[in-house]
Amino acid sequence: MSANTIKLHVDHTYNAPPSVVYDAWLNPQIARRFLFAAKDGHVIRAEIAPHVGGRFLIIDRRPTGDACHCGIFLELRRPRHMAFSFSAEEHDHNPDRVEIDIEPLGDGSRLTLSHEMCAEWGAFEEKTRQGWTRVMDGLERVLEQTDRLAS
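If you read the sequence shown in my numbering, its first letter stands for residue 26, the second for the next number, and so on.
Here it is, written out as structure tokens:
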């Protein structure tokens, strides 16, 4: 990390094993329910090519307009680690880097997300942290719903 970047961290504990948490990020039918989905929005497009070099695109239709989130998978080591470039614009030439690490924790797991962003976006650091926290909380709700349906 250089002096021109900010690295923020968000973590969350889940009552699901690492493989279930990991796979949720790569399954478009599950990811569309939590990944960048705003409360007042509706995900209209969720494309995920889950391989190194594969792209993802999530578009959430919101009252303020469509929010586009995209990136390229840089590292995929199931079920413990993934890294991807990340941008809120489809043709951004300076994307951020996001890394996700998932560790077993009893019958569940702990996910730690690190987001490295350009220092010029420092004013958005807390908003970005809050956004990832909403994603993590949304994933927890989706996993709980899926678990209830399976029982």
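Cβ atoms here follow ideal geometry from the backbone N, Cα and C, with glycine treated the same way. Here the structure is a predicted model, which is why all the values come from computation and not from measurement.
| Item | Value |
| --- | --- |
| Pick from 140, 39, 38 and 171 that is closest to residue 157, judged by C-alpha positions | 140 |
| Where the beta strand (DSSP E) containing residue 108 begins and where it ends | 106-111 |
| Residue 57 to residue 83 span [Cα, whole Å] | 7 Å |
| Reduced DSSP category for residue 38 - H, G, I as helix; E, B as strand; rest coil | strand |
| Of the listed residues 102, 142 and 119, nearest to residue 126 (C-alpha basis) | 102 |
| Given 8 Å, three or more beta-carbon pairs between the segment 83-92 and the segment 142-161 | no |
| Beta carbon of residue 150 nearer than 8 Å to that of residue 69 | no |
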